[in-house]
Amino acid sequence: MKSTVKKTAESQTLNTTPLFNKENYMWMLIGAALIIIGMLLMSGGKNQDPNVFDDNVVYAAKRITVAPILILVGFVVEIYAIFKKSTTVA
């Protein structure tokens, strides 16, 4: 009969490098901050009298243009942070 040799964990060396480094996490935080700022700019618009519809508050430029652009830029930064290769070798 043949004897089988079991490989132990000691004999196997795995090259374990982290998926993201510090720079990737920095870009992820910047993207998340942009998304949060965009969401905060989009929220609000409370009128003093709930029976009155003020279209200047609801359709303000910061709500319908600036906030969605910030959110989209935040998502682009998040995608960049995920796909960015590490420049330093650990």
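Numbering (this note's numbering), first residue to last: 7 to 96. By construction, the Cβ of each residue, glycine as well, lies at the ideal position given by its N, Cα and C atoms.
_For V63, which residues in the same chain have their Cβ closer than 6 Å to its Cβ, ignoring the five residues on either side in sequence?_
By one-based count along the sequence shown, residue 63 stands at place 57. These residues qualify, in order along the chain: G51.
*Would DSSP call Y86 helix, strand or coil?*
One-based indexing of the sequence shown puts residue 86 at position 80. Y86: helix per DSSP, three-state reduction.
*asked:* Taking the beta carbon of V58 as the centre, do at least 16 other beta carbons fall within 10 Å, making it buried, or is it exposed?
replied: Position 52 of the sequence shown holds residue 58. By the neighbour-count rule (16 or more Cβ atoms within 10 Å), V58 is not buried but exposed.
*Please look up how many angstroms separate the CB atoms of M34 and A87, rounded, as I've assumed it's under 8 Å.*
The count along the sequence shown starts at 1 and reaches residue 34 at position 28. The count along the sequence shown starts at 1 and reaches residue 87 at position 81. So it is a contact: roughly 4 Å between Cβ atoms.
*Can you tell me whether DSSP reads A99 as helix, strand or coil?*
With the chain covering 7 to 96 only, the question about residue 99 has no answer from this structure.
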